[in-house]
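1 is the number of the first residue of the sequence shown in full-length UniProt numbering; add one for each residue after it.
No residue lacks a Cβ here, since even glycine has one placed at the ideal position from N, Cα and C.
Every value quoted in this text rests on a predicted model; they were computed, and no experiment measured them.
To start, the structure under review is shown below, and the notes come after it.
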Amino acid sequence: MKRPSSLSLDPGVSSKPKFESLEFIDGDDPFQTHYSHRSSTSSKSTCLLSSRELALSNVSTPLIKPQIHKKLLHTDSSSSYLDLLGNYLDVFFTLSSSYFEEYQNAYILHILNHLYKTKTQITKNDQLPDPVKDQGFSPTKILVLFPYKKNAKVFIEKLVEIHCKGKKKKMTKSSRRKFTEVFEEAEDAEVSDAFKLGVVLGDKRELQLFTPFKASDMIIASPMSLRQAILNESEDENAKENLGILCSIEMVVMENSEVFLMQNWDHIETIFKAMNRIPDRDSMTADINRIRDPFIEEKSKEYRQLIIFSEFISPLLLSLFNRNENYKGKAKTIDHYPGVNQYDVVQKYRKFRASSQLSAADERFEYFTQNLWPNIKEDLYPKSILFVASYFEYIRVKAYLEENDPGVLCISEYTQKSDKQRSIANWKNGKNKAICVTERFLYFRPQKFDDIGHLVFYSLPEFNNFYEEFARESKEVISVYCKFDGYSLQRIVGDKKAGQLLK
Numbered sequence: 001m002k003r004p005s006s007l008s009l010d011p012g013v014s015s016k017p018k019f020e021s022l023e024f025i026d027g028d029d030p031f032q033t034h035y036s037h038r039s040s041t042s043s044k045s046t047c048l049l050s051s052r053e054l055a056l057s058n059v060s061t062p063l064i065k066p067q068i069h070k071k072l073l074h075t076d077s078s079s080s081y082l083d084l085l086g087n088y089l090d091v092f093f094t095l096s097s098s099y100f101e102e103y104q105n106a107y108i109l110h111i112l113n114h115l116y117k118t119k120t121q122i123t124k125n126d127q128l129p130d131p132v133k134d135q136g137f138s139p140t141k142i143l144v145l146f147p148y149k150k151n152a153k154v155f156i157e158k159l160v161e162i163h164c165k166g167k168k169k170k171m172t173k174s175s176r177r178k179f180t181e182v183f184e185e186a187e188d189a190e191v192s193d194a195f196k197l198g199v200v201l202g203d204k205r206e207l208q209l210f211t212p213f214k215a216s217d218m219i220i221a222s223p224m225s226l227r228q229a230i231l232n233e234s235e236d237e238n239a240k241e242n243l244g245i246l247c248s249i250e251m252v253v254m255e256n257s258e259v260f261l262m263q264n265w266d267h268i269e270t271i272f273k274a275m276n277r278i279p280d281r282d283s284m285t286a287d288i289n290r291i292r293d294p295f296i297e298e299k300s301k302e303y304r305q306l307i308i309f310s311e312f313i314s315p316l317l318l319s320l321f322n323r324n325e326n327y328k329g330k331a332k333t334i335d336h337y338p339g340v341n342q343y344d345v346v347q348k349y350r351k352f353r354a355s356s357q358l359s360a361a362d363e364r365f366e367y368f369t370q371n372l373w374p375n376i377k378e379d380l381y382p383k384s385i386l387f388v389a390s391y392f393e394y395i396r397v398k399a400y401l402e403e404n405d406p407g408v409l410c411i412s413e414y415t416q417k418s419d420k421q422r423s424i425a426n427w428k429n430g431k432n433k434a435i436c437v438t439e440r441f442l443y444f445r446p447q448k449f450d451d452i453g454h455l456v457f458y459s460l461p462e463f464n465n466f467y468e469e470f471a472r473e474s475k476e477v478i479s480v481y482c483k484f485d486g487y488s489l490q491r492i493v494g495d496k497k498a499g500q501l502l503k
């Protein structure tokens, strides 16, 4: 997989120039022209959207102010974020939790607006004498991915608030009962990532949950559970990939996407590979004469909108975003960071040459094993920590340490609980000079490490709080990086210093 380069990242990374505000003008509703008009542009620009800097690429501006369906006239739809989403661009929003409600309201209104318009259009076309191509293979148009049940629960409650106008009785009895069982009464209701359900919006504001996927308007799921459904994971070894579930998706929303980085990213890749492909005949519920040409030609992914919400930009998320083929173009927020390393600790940054994104992992390992570790291991302070961001890097580093430096303990998210406890106790008692840990282990099993000797970052963390918390307790910090680590570096040292280190 290609990993996008970093800090050529965004324009204006070391300063904050003033940009013009993004304008939305009156014109043909983007929903009506989405499948009938294709623009070809390769322009790039930077603008302001509600005081946030926004980088646009392959977007024809000015953008059109989308029309709001009559079913949403009771809501506050005067949002520039809703206007942006309503132009069907791919959007990557970085934000903190304190600002998330405004963004969430905008994207939920956008989802409902799209579904209401689609249903109205199909109903009108039903009355015409000749069939009109206005559908996909199935009615399932929206996919919303959440890392945990608690995130999905909030989303569903917002659907009830807006679509049902707050009337829970508009949910079917079976939906209310199952919702309570799964999202409120279950022991794992807060942190479980085992959930998936279909949703149907009724014409009279009814709401059905846990409907069959192929008969649903929308799918709400965790990546893990949806992957299991796609791959038909069961005892039947001959079960085929279920392409009918996601064959007609027109919009994907990923909420709290930074958490997906700490889960199994392969689930995300599997989902996107299975999306917008031609299914078997049993999965085609629409009249074949009304299926749009892009679906038949397996080009519907070019019309699929991707909306990502994350606390920060990461190479994996950005790669997924850039690979989405939406012809309408892309918009992503530009962030500025002051840095977190403003305290009295010796901090050293060691840059290695990476010839390409694909070879960076091998070159990092070569630099660590041949240049860095052999020169520092004898001089490590007691109670040192070696931090490794990914599990795949950890496997490689662990094998090297076991062969060349067995005094270093190694623990990851997959280490047995008893082994973890013993290793941490030995490290705290000074029986072993260093311990190697992964970011995912620290994310899911937070640990208190104090009085740290050397803190060595084999790779920089995605979550900059790990750098801040650990560095503050350390005598000396050594960080290994290359030109492709710009986003992580920027969050740790700030815009200006990152630009200097990456030169």
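query, result
"Collapsed DSSP secondary structure at residue 397 in the structure displayed", "helix"
"Residue 512, buried or exposed, once every other Cβ within 10 Å from all chains shown has been counted against 16", "Lying before the first or after the last residue shown, residue 512 is absent from the chain, which here runs from 1 to 503."
"Sufficient close CB pairs (3 or more, under 8 Å) joining the region 75-86 to the region 106-119", "yes"
"At least three beta-carbon pairs within less than 8 Å, the region 351-368 to the region 435-452", "no"
"At least three beta-carbon pairs within less than 8 Å, the region 421-434 to the region 329-345", "no"
"Close Cβ partners of residue 321 (< 8 Å) along its chain, the five nearest in sequence each way excluded", "90, 92, 306, 308, 330 and 332"
"Proximity of residue 120 and residue 69 at Cβ, strictly below 9 Å", "yes"
"Strand pairing of residue 454, partner residues [DSSP]", "476"
"Bridge-paired residues (DSSP) for residue 362", "DSSP, once it has assigned bridges, lists no residue as partnering residue 362."
"Beta carbon proximity, residue 172 to chain D, threshold 9 Å", "This model lacks chain D altogether, as it is built from one protein chain only."
"Whole-number beta carbon distance between residue 224 and residue 194, since they are thought to touch under 8 Å", "7 Å"
"Buried versus exposed call for residue 191 [16 or more other C-beta atoms within 10 Å across all chains shown]", "exposed"
"Other residues of its chain near residue 421: CB distance less than 8 Å, five sequence neighbours each side excluded", "none"
"Extent of the continuous alpha helix (DSSP H) to which residue 45 belongs", "Per DSSP, residue 45 belongs to no alpha helix (DSSP H); it is in the beta strand (DSSP E), 44-49."
"Range covered by the beta strand (DSSP E) that runs through residue 388", "384-388"
"Sub-9 Å separation of residue 52 and residue 312 beta-carbons", "no"
"Bounding residues of the beta strand (DSSP E) (the contiguous stretch that carries residue 52)", "52-57"
"Opening and closing residue of the beta strand (DSSP E) in which residue 251 lies", "251-254"
"Distance CB(residue 460)-CB(residue 360) smaller than 9 Å", "no"
"Spatial distance of residue 253 from residue 106 (CA atoms)", "12 Å"
"Nearest-angstrom beta carbon gap, residue 470 and residue 452 [assumed within contact, 8 Å]", "6 Å"
"Residue 54 beta carbon less than 9 Å from that of residue 44", "no"
"Three-state class that DSSP yields for residue 154 in the structure shown", "helix"
"Proximity to residue 149 [Cα-Cα], best of 140, 132, 449 and 222", "222"
"Rounded straight-line distance, which links the Cα of residue 478 to that of residue 407", "20 Å"
"Short Cβ contact (9 Å threshold) for residue 151 with residue 328", "no"
"C-alpha gap between residue 153 and residue 29, whole angstroms", "32 Å"
"Beta-carbon contacts of residue 47 that lie in its chain and below 7 Å, excluding the five residues immediately before and after", "19, 20, 21, 22, 54 and 56"
"Residue 485 classed as buried or exposed, judged by whether at least 16 other C-beta atoms fall within 10 angstroms", "buried"
"Simplified DSSP assignment, three categories, for residue 548", "No information on residue 548 is available, as it lies outside the stretch 1 to 503 that the chain covers here."
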